[in-house]
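Counting from 24, one number per residue, gives the positions in the sequence shown under this note's numbering.
The beta-carbon is built from N, C-alpha and C at its ideal position, and this holds for glycine as well.
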Amino acid sequence: MHSLTAQIPELSNSYVCMKDPQKVQETLQAMVKAGSNTLQVISDFDMTLTRFAYNGKRCPTCHNILENSKVISDDCKIKLDELLKTYYPIEIDASRSIEEKLPLMVEWWTKAHELLVAQRIRKDLLATAVHESEAKLRQGHLKLFLDGFKLFFDHLHKHCIPLLIFSAGIGDILEEVIRQAGVFHSNVNVFSNYMDFDESGMLKAFKGELIHIYNKREGALLNTGHFQELRTRPNVLLMGDSLGDLAMADGVHDMENILRIGYLNDKVEERKQSYLDSYDIVLIENETLDVPNAVVHYLTGSK
Ligand code: TMP
Ligand code: MG
Numbered sequence: 024m025h026s027l028t029a030q031i032p033e034l035s036n037s038y039v040c041m042k043d044p045q046k047v048q049e050t051l052q053a054m055v056k057a058g059s060n061t062l063q064v065i066s067d068f069d070m071t072l073t074r075f076a077y078n079g080k081r082c083p084t085c086h087n088i089l090e091n092s093k094v095i096s097d098d099c100k101i102k103l104d105e106l107l108k109t110y111y112p113i114e115i116d117a118s119r120s121i122e123e124k125l126p127l128m129v130e131w132w133t134k135a136h137e138l139l140v141a142q143r144i145r146k147d148l149l150a151t152a153v154h155e156s157e158a159k160l161r162q163g164h165l166k167l168f169l170d171g172f173k174l175f176f177d178h179l180h181k182h183c184i185p186l187l188i189f190s191a192g193i194g195d196i197l198e199e200v201i202r203q204a205g206v207f208h209s210n211v212n213v214f215s216n217y218m219d220f221d222e223s224g225m226l227k228a229f230k231g232e233l234i235h236i237y238n239k240r241e242g243a244l245l246n247t248g249h250f251q252e253l254r255t256r257p258n259v260l261l262m263g264d265s266l267g268d269l270a271m272a273d274g275v276h277d278m279e280n281i282l283r284i285g286y287l288n289d290k291v292e293e294r295k296q297s298y299l300d301s302y303d304i305v306l307i308e309n310e311t312l313d314v315p316n317a318v319v320h321y322l323t324g325s326k
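Here it is, written out as structure tokens:
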């Protein structure tokens, strides 16, 4: 433990919990030894790359960005909010199994997408909706532009490390968030739910298979081409905030090492044990990217 925190001092922060620090150390050492040219990063978006709360107020997910914007009617806002109030408590309920939650999550996403499609949202209004939103990528503890998400995205880009953002949110919205933040670099790929627009630019459907929080494994297996291209990178840094996010790496070819960093944002006491059992490093109610940044710096030999 001592040498682990000597190598990565951020891991001694009080919000960091690890069930097996020795294993974390061994995994990190194996990954450093293999070199950053064998590394790929796979991250969830909502509440992982973006903040959960700011000044005591919840931050929006991709769906919430639309919900809070002018592109949605008041009636639709009420209905989407009712869905959120019904299904979000189920999403984070530690007393229900994933099997039990799965059909309910499909129900949530299906109903929400039907409501959005009925709004005939115009593609050309999405950028303004994002611009006017309260979307917030995670910063560092110094809250400087250069110590949070910017450092994270820029550093991975500089070291040519592929970053897959794997989201059950809305691809068009999350792309716009990272584009407007100036970090949609060429090493970033996105798997998500993309909107399908008709020839006049109105939303008519969502493309392809639905991705919800508990079918990321199926989503990963549908995208074999992406993982095939990255087959020389069998070492994975995975970041998520839901237990469903652990399946994001299921498509990786011949994985050698994986280090999983999990944000535990809500219902901490009820969920802590299950997060400790499945994520190697658990970050409890922490809004920064300090630990992922420190780990990425360590893995790329930068200080
Ligand atoms: P993620 O995979 O990028 O974290 O996105 C999934 C999140 O989106 C999940 O936490 C639930 C949230 N969500 C909403 O906030 N509103 C909705 O209408 C739906 C369907 C999902
Ligand atoms: Mg999430």
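Between the segment 286-298 and the segment 257-272 there are three or more inter-stretch CB-CB distances shorter than 8 Å, so the stretches are counted as touching. Going by C-alpha positions, ASN91 is about 16 Å away from ARG143. Here DSSP, grouped into helix, strand and coil, assigns LYS173 to helix. Three or more Cβ pairs closer than 8 Å define a contact, and the segment 155-174 falls short of that threshold against the segment 241-260. By the neighbour-count definition (other C-beta atoms within 10 Å, threshold 16), LYS239 is a buried residue. Per DSSP, MET278 lies in no alpha helix (DSSP H) and is assigned neither H nor E. At a cut-off of 8 Å, the beta-carbon of ASP69 counts as near the ligand MG: some heavy atom of the ligand is closer than that. Relative to the ligand TMP, the beta carbon of SER265 is positioned inside 8 Å of a heavy atom.
If you look at PHE229, you'll find it in the beta strand (DSSP E) that goes 226-229.
Counting along the chain, no alpha helix (DSSP H) covers ASN258; the unbroken beta strand (DSSP E) around it starts and ends at 258-263. Residue environment for CYS183: exposed (fewer than 16 other C-beta atoms within 10 angstroms of its C-beta).
Membership of ASP219 in the beta strand (DSSP E) is indicated by the continuous run 218-220. Shortest gap from the CB of ILE121 to any heavy atom of the ligand TMP: 8 Å or more.
If you check the CB distance, ARG161 and THR323 do not come in under 9 Å. Short note on THR109: C-beta not closer than 8 Å to any heavy atom of the ligand TMP.
In the three-state DSSP reduction, GLY285 falls in the strand class (E or B).
Taking C-beta separations shorter than 6 Å and ignoring five residues to either side along the sequence, ASN87 has no partners in its chain. Here DSSP, grouped into helix, strand and coil, assigns TYR77 to strand. Note on geometry: alpha-carbon atoms of GLY224 and ILE196 lie some 15 Å from one another.
Under the 10 Å beta carbon count, ASN316 is surrounded by 16 or more other beta carbons and is classified as buried.
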